[in-house]
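Okay, so the sequence shown: first residue is 2 according to our numbering, each after it adds one.
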Amino acid sequence: MKNFLALILAASLLTACGDDKPAVRLEAEATIPADAHDYFNHMGLHDTRGSKGQVRLSESGETVWFDSARTLLTYLRLPETANQPLTAYISTFEPPAHWLPVDDAWFVQTPQSAELIGKDDYFPFPSEETAQAFANVHQGKVLRGKDISAADLGL
């Protein structure tokens, strides 16, 4: 019994040793700067079609930009960024240019994406209903961001 109590006390002390500062949730930047470029391919965001992404790094306040839903989701899956305090946003396909926390988005994967926006990508929507309506028209599949696997992203 003494060993059990000692174990409980030790576990309590260890959990109390964490960082007491809560992660800061930074708001999305409302507009994309003219000089913003994709984190991976360095293309200008204004030079590409489709949804855009942004990650606000909590510690520095820096904004990292992405020219597609695919590159944003890839960044969030990287081992070096997976545990960073950050807030990620995606611009929705419909309504256009509405910033939404990536965890709240519904994504559509469709074989017609290259025809629609010139590249293979996911189409983010603010609700399951709007995503499903788009998927029905474009032979797509509705997914949550967490359901898009590393293999789907080419990792």
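Backbone N, C-alpha and C fix where the C-beta goes; we use that ideal spot for every residue, glycine too.
Query                                                                                                                                                                          : Result
What ranges does the alpha helix (DSSP H) occupy inside the segment 56 to 115, keeping only unbroken runs of at least 4 residues that lie completely in it?                    : 70 to 78
Quick check on this structure: which residue in Gly45, Phe67, Ile149, Asp48 has the alpha carbon closest to the alpha carbon of Gln110?                                        : Ile149
Below 6 angstroms CB to CB, which residues in the same chain sit around Phe135 once its five sequence neighbours on both sides are set aside?                                  : Val109
So is Gln85 buried or exposed if we call it buried at 16+ other beta carbons inside 10 Å?                                                                                      : exposed
Could you work out which residue in Glu116, Pro127, Lys120, Ala151 is closest to His139 when comparing CA atoms only?                                                          : Glu116
Since Phe126 and Glu95 should fall inside the 8 angstroms C-beta cutoff, what is the C-beta to C-beta distance between them, to a whole number of angstroms?                   : 6 angstroms
Please report the Cβ distance between Gly45 and Ala70, rounded to the nearest whole angstrom; I am assuming they are in contact, meaning their Cβ atoms lie under 8 angstroms. : The pair is not a contact, with the Cβ atoms about 17 angstroms apart (cut-off 8 angstroms).
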